[in-house]
Structure formats: structure tokens, C-alpha cells
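*Asks:*
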Amino acid sequence: MPLREFLPLSDQQREVQQLAREFAASELAPHTAEWDRSSHFERSLIGRLGELGFLGMTVPERYDGLGLDAVTYLLVLEEIAAADASTAVLMSVHNSLPSQMLLARGSEEQRTRFLRPMARGELLGAFALSEPEAGSDAAALRTQAVRDGDAYVLNGTKAWVSHGGEAGVIVAMARTDTPEDRQGAKGISAFLVTPDLPGFRVGKKEDKMGLRASPTVQLVFDNLRVPAANLLGEPGQGFVYALQSLDQGRLGIAAQAIGIARAALDHAVRYADERRQFGSPIRDFEAIQFKLADMATRVTQARATLYAAAAAKDRGESITQLSSMAKLTASEAAMWVTTQAIQIFGGYGYVTDYPVERLFRDAKVTEIYEGTSEIQRLVIARELYAA
Ligand SMILES: Cc1cc2nc3c(=O)[nH]c(=O)nc-3n(C[C@H](O)[C@H](O)[C@H](O)COP(=O)(O)OP(=O)(O)OC[C@H]3O[C@@H](n4cnc5c(N)ncnc54)[C@H](O)[C@@H]3O)c2cc1C
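Take the sequence shown: its letter number 177 is residue 176 in numbering that gives the first Met the number 0, and every next letter is one higher.
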């Protein structure tokens with residue numbers, strides 16, 4: 000890694016980072032290209048990540064997690080993403096959205112039933128907020144939940160659910176207000192949906208440009224009967240919980256973007272040293288040096304923003320604005336850095352013989368999910384006027 004570490008890390012943080020680096024180098028990197036080519040989801044990774052504690056990193060030890068701080072978690076995510084961005088999104092979604100919502104809002108019974116096995120890696124968690132007609136305007140979602148005795152009956156289609164067909168539990172948002180009395184965002188509740196429930200079906204699998212080893216699916220709820228005991232927190236509060244957990248989720252996506260950008264920089268630095276034109280390594284040309292310098296600077300800027308946000312989270316501060324800044328900075332850096340990396344590789348960057356075209360494809364989605372760059376800018380601007 001050509002970039003110097005600038006964070007004041009503890010011995011424990013360095014050890015966990017090193018563990019992630021070794022795991023990524025030995026168990027992910029050798030397979031990433033093939034998993035991407037064949038859109039293969041490697042199920043065994045769930046158990047393996049669980050054994051390492053990587054599926055319960057910030058969950059307290061009393062719920063079988065590692066009880067680590069946000070900084071350590073993001074350092075691990077960055078290492079995983081540098082080797083395989085698809086595995087990083089699995090880790091990020093599981094750790095930040097369903098796990099954090101269960102931790103913050105789940106009953107003791109729900110934490111025992113779901114959070115503990117999730118933290119051990121025995122149960123994968125997913126998050127279903129988006130719908131085909133409700134993306135950035137997620138509060139416009141239409142999936143309807145109607146109380147019927149000791150259950151809620153859900154009807155609707157959730158879209159873009161990362162590993163939704165592989166998860167043992169999905170935190171799904173549905174409306175509990177009535178068509179006659181729409182409450183907007185306050186009419187949305189969070190449900191713990193399991194795939195064994197009658198009326199649950201995995202729908203279309205998306206054929207994606209990047210992150211091809213992370214299966215993204217629609218979930219169809221057709222008179223899905225969810226026990227009332229699976230309502231998460233208070234009715235009508237689901238959207239608030241989702242926004243709160245997205246603050247942490249966006250840090251995870253920022254770490255993923257930084258991992259991708261860092262990997263592209265590493266490849267470009269090496270290639271510029273090896274590739275010769277006009278009798279010299281291309282690194283001797285100032286045009287290439289300036290590109291590499293700007294790439295390194297963009298990665299470092301993104302890391303500085305992310306770890307400032309993570310430190311604020313660890314101090315218990317509100318991070319809504321900082322997490323949007325971290326995601327915006329890192330995802331735009333990832334897109335820019337991977338584009339420059341392809342330029343440095345020339346024609347060889349445009350073909351699948353080298354990994355930079357995959358990194359470029361994987362980088363793009365970080366500007367889209369968990370809030371597009373346009374939405375991050377809206378959040379940042381809104382916070383400027385918050386009391
Ligand atoms: C690979 C992948 C995985 C995903 N995983 C999940 C998941 O696990 N769970 C989940 O719930 N969702 C998931 N998503 C969905 C993702 O969060 C949405 O795609 C994203 O929020 C954008 O919604 P949209 O695609 O409907 O775009 P739209 O909302 O239709 O946006 C289209 C364009 O309009 C812009 N736009 C919209 N509103 C405004 C505005 N007010 N001001 C300015 N510009 C605006 C957007 O920025 C964008 O450029 C995933 C998406 C992808 C691609």
C-alpha cells in the first residue's frame with residue numbers, strides 16, 4: 000500500500016486491521032475476478048465472516064458481537080472492499096442497517112432471536128426500504144401492512160434488496176397508515192420478515208454493471224403474514240429508524256468506496272512503474288505523476304473525512320451531516336480515482352485482463368445507493384440550517 004497510515008490507531012485497531020488484510024488477501028482477492036465474471040455469490044463467506052467476528056463488529060459482547068468502535072469496523076470494511084467490493088456491501092448492510100436497528104429498537108426477545116445469531120454469522124440480515132416507484136423519495140413507499148389478529152398482512156414489492164434472497168431476516172418497511180388517512184413518513188413501520196413466512200417470494204434478480212458478486216433482488220410480499228411480535232419498535236416510527244441507521248450505513252459505503260479507490264491507486268502506481276513507452280517507465284512522465292498525486296490526495300481527503308465522522312460517532316455525537324459528507328467525498332473520489340486508473344493503464348485498463356475496469360464498475364454504485372450524491376448534498380445543505 001503506497002499511502003502512509005496517518006490515523007492514530009491503537010494496537011487493537013492495528014491488529015484487527017491486519018487480520019482483515021490477511022483474510023482479504025488469502026480468501027477474497029484470489030477469487031474476486033471469477034466471482035465478478037460469473038456473478039457468483041459465495042455463500043460460505045457468511046460463516047467465514049461470522050467466525051472472524053466481522054458480522055457483529057459494533058454489536059456489544061452481550062449480544063455475541065465484538066463490541067468494537069466504529070473506527071475499527073470501518074478500517075476492516077476498507078480492507079475487505081479493497082479486495083472485493085461485493086463482500087464489503089454484504090458486511091456493510093448487515094452490520095449497519097438491520098443490526099443497528101435491532102440494537103437500537105428491538106425488544107429483548109427480538110435481539111435474542113435475531114441479533115445474536117446475526118452477530119455470530121449464523122443469520123444474514125438485509126434491509127428493504129426501496130421500491131420500484133420509491134427510491135430517493137423513500138417515504139413514498141407503497142407496500143401496505145394491515146393488522147389482522149395476531150399478525151400483519153403485507154402486500155407490495157421491495158426493490159434493490161442487497162442479498163435479499165440469501166438473508167435469514169430482512170428489516171422491511173411498510174405502511175401501517177390507511178389509504179383514507181395517509182400520514183407520509185409517519186405512516187411507515189419496520190417489520191422483521193423471515194423467508195419462511197407464507198407469502199414471501201424472491202422476485203427478479205438484477206443484472207448489474209458492477210458489484211456482480213452481490214445478488215440484488217426484488218422481494219415480493221403476497222399476503223405475507225408477519226407475526227405482530229415481529230414489528231420492530233413503535234408503529235409509525237420505521238422511517239425515522241431507517242434514517243438513523245442510514246447515518247451509520249453511509250459511513251460503511253464511504254469505507255467501501257475508499258477501499259475501491261485505494262485498490263485502483265495501488266494498481267496504477269505499480270503499473271506506471273512497470274509500463275514503458277518512449278524508452279522510459281510511464282511514471283517518469285509528469286502527466287502521469289500528477290494523476291497519481293491527485294489520486295493519492297483524493298483518497299487521503301476521503302479517509303480524513305470518513306475517520307473524522309467515525310470518531311464523532313464513537314464520541315456519541317450526531318453524525319448526519321458528517322456521514323453524508325464522508326459518503327459524498329469518498330464515492331466521488333472512488334469514481335474519479337478509478338477513471339484515472341483506467342487512463343493510466345491505457346487500452347489495458349479497458350479490458351478485463353487487469354482489475355481496474357472492475358473497480359471502475361464497482362465504484363459507480365457508491366454514488367447511488369444509501370442516498371445518491373444529489374441526496375447527500377440535500378442532507379448536507381439542510382443540516383446547515385438545522386437549529
Ligand atoms: C446495487 C444496489 C443495491 C441496493 N441495495 C439496496 C438495499 O439493500 N436496500 C434498499 O432499500 N435499497 C437498496 N438500493 C436502492 C438505492 O438506495 C436506490 O437506488 C437509491 O436510493 C436511488 O433511488 P432510485 O434508484 O429509485 O433513483 P431515483 O430516486 O429515481 O433518482 C433518479 C435520479 O434523480 C435524482 N433525484 C431524485 N430526487 C432528487 C431531488 N430531490 N433532488 C435532486 N436530485 C434528485 C437522483 O439523485 C438520481 O440522480 C440499492 C441500489 C442498488 C443500485
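A virtual CB, placed ideally from N, CA and C, is assigned to each residue, including glycine.
Excluding the 5 residues preceding and the 5 following leucine 191 in the sequence, name in chain order all residues of the same chain whose CB lies nearer than 7 Å to its CB.
*Replies:* On the sequence shown, residue 191 is found 192 positions in, with the first residue counted as 1. Cβ within range, chain order: Gln109, Phe113, Val168, Val170, Asn229, Leu231.
*Asks:* Is it the case that the Cβ atoms of methionine 56 and leucine 44 are separated by a distance below 8 Å?
*Replies:* Counted from its first residue, the sequence shown places residue 56 at position 57. Counted from its first residue, the sequence shown places residue 44 at position 45. No.
*Asks:* Just to confirm, does tyrosine 240 get its C-beta within under 7 Å of one of the non-hydrogen atoms of ligand 3?
*Replies:* Summarising the ligand content, the structure contains ligand 1 and does not contain ligand 3.
*Asks:* Is DSSP giving aspartate 10 helix, strand or coil here?
*Replies:* Walking along the sequence shown from the start, residue 10 turns up at place 11. Of the three classes helix, strand and coil, the one that applies to aspartate 10 here is helix, per DSSP.
*Asks:* Buried or exposed: where does valine 19 fall if 16 or more other Cβ atoms within 10 Å of its Cβ makes it buried?
*Replies:* In the sequence shown, the residue the question calls residue 19 occupies position 20. The sequence as given places alanine at residue 19; valine does not occur at that position. Label assigned to alanine 19: buried.
*Asks:* By a C-beta neighbour count over all protein chains shown, 10 Å radius and 16 as the cutoff for buried, is aspartate 147 buried or exposed?
*Replies:* To locate residue 147, count along the sequence shown from 1; it is residue 148. That one is exposed.
*Asks:* In chain order, which beta strand (DSSP E) runs of at least 3 residues are fully inside the segment 202-262?
*Replies:* 215-226, all fully within the segment 202-262.
*Asks:* How about threonine 365 and alanine 254: do their beta carbons lie closer than 8 Å?
*Replies:* Walking along the sequence shown from the start, residue 365 turns up at place 366. Walking along the sequence shown from the start, residue 254 turns up at place 255. Contact flag unset, no.
*Asks:* Exposed or buried, threonine 86, counting other C-beta atoms within 10 Å across all chains shown (16 or more means buried)?
*Replies:* In the sequence shown, residue 86 corresponds to position 87, counting from 1. The residue is buried, with at least 16 neighbouring Cβ atoms inside 10 Å.
*Asks:* In chain order, what residues of the same chain have a beta carbon less than 7 Å from the beta carbon of leucine 122, not counting five sequence neighbours either side?
*Replies:* Residue mapping note: residue 122 aligns to position 123 of the sequence shown, counting from 1. Counting only Cβ-Cβ distances below 7 Å, and skipping sequence neighbours, we find Phe113, Pro116, Gly167, Val168.
*Asks:* With distances taken Cα to Cα, identify the nearest neighbour of arginine 376 among Gly346, Leu321, Gly120.
*Replies:* By one-based count along the sequence shown, residue 376 stands at place 377. Taking only the C-alpha atoms, the option nearest arginine 376 is Leu321.
*Asks:* How about leucine 89 and histidine 30: are their beta carbons less than 8 Å apart?
*Replies:* By one-based count along the sequence shown, residue 89 stands at place 90. By one-based count along the sequence shown, residue 30 stands at place 31. Not a contact, by the Cβ cut-off of 8 Å.
*Asks:* Identify, in the order they occur along the chain, each residue of the same chain with its Cβ nearer than 6 Å to the Cβ of arginine 357, setting aside the five sequence neighbours on each side.
*Replies:* Numbered from its first residue, the sequence shown carries residue 357 at position 358. For arginine 357, where only same-chain residues beyond five positions count, the Cβ hits under 6 Å are Asp35.
*Asks:* When burial is assigned at 16 or more other CB atoms within 10 Å of the CB, is asparagine 94 buried or exposed?
*Replies:* On the sequence shown, residue 94 is found 95 positions in, with the first residue counted as 1. Per the 10 Å Cβ criterion, buried.
*Asks:* May I ask which residues mark the beginning and end of the alpha helix (DSSP H) holding threonine 156?
*Replies:* Mapped onto the sequence shown, residue 156 falls at position 157. Taken as a continuous stretch (DSSP letters only), threonine 156 belongs to no alpha helix (DSSP H), being part of the beta strand (DSSP E) at 150-161.
*Asks:* Let me know if glutamine 300 comes out buried or exposed under the rule of 16 or more other beta-carbons within 10 Å of its beta-carbon.
*Replies:* Indexing the sequence shown from 1 puts residue 300 at position 301. With fewer than 16 other Cβ atoms within 10 Å, it is exposed.
*Asks:* According to DSSP, simplified to helix, strand and coil, what is proline 97?
*Replies:* Along the sequence shown, read from residue 1 onward, the residue named residue 97 stands at position 98. Helix, per DSSP.
*Asks:* Beta carbon of tyrosine 72: closer than 7 Å to some heavy atom of ligand 1?
*Replies:* Walking along the sequence shown from the start, residue 72 turns up at place 73. Checking the Cβ of tyrosine 72 against ligand 1 gives no.
*Asks:* Would you tell me roughly how many angstroms separate the C-alpha atoms of alanine 184 and glycine 346, rounded to the nearest one?
*Replies:* On the sequence shown, residue 184 is found 185 positions in, with the first residue counted as 1. On the sequence shown, residue 346 is found 347 positions in, with the first residue counted as 1. Between alanine 184 and glycine 346, the C-alpha separation is close to 49 Å.
*Asks:* Following the continuous beta strand (DSSP E) through leucine 191, name the residue where it begins and the one where it ends.
*Replies:* Your numbering for residue 191 matches position 192 in the sequence shown. Where leucine 191 is concerned, the enclosing beta strand (DSSP E) stretches over 187-192.
*Asks:* Could you give the first and the last residue of the continuous alpha helix (DSSP H) run that contains isoleucine 318?
*Replies:* Working through the sequence shown from its first residue, we reach residue 318 at position 319. Per DSSP, isoleucine 318 belongs to no alpha helix (DSSP H) and is neither H nor E.
*Asks:* State the DSSP-derived secondary structure class of glycine 348, mapped to helix, strand or coil.
*Replies:* Along the sequence shown, one-based indexing puts residue 348 at 349. Three-state result, glycine 348: helix.
*Asks:* Name, in chain order, the residues that DSSP records as bridge partners for arginine 146.
*Replies:* In the sequence shown, residue 146 corresponds to position 147, counting from 1. Note: arginine 146 sits in a beta bridge opposite Tyr151.
*Asks:* Expressed to the nearest angstrom, what Euclidean distance is found between the alpha-carbon atoms of threonine 338 and aspartate 63?
*Replies:* Against the sequence shown, residue 338 aligns to sequence position 339. Against the sequence shown, residue 63 aligns to sequence position 64. For threonine 338 and aspartate 63, the distance between alpha carbons rounds to 41 Å.
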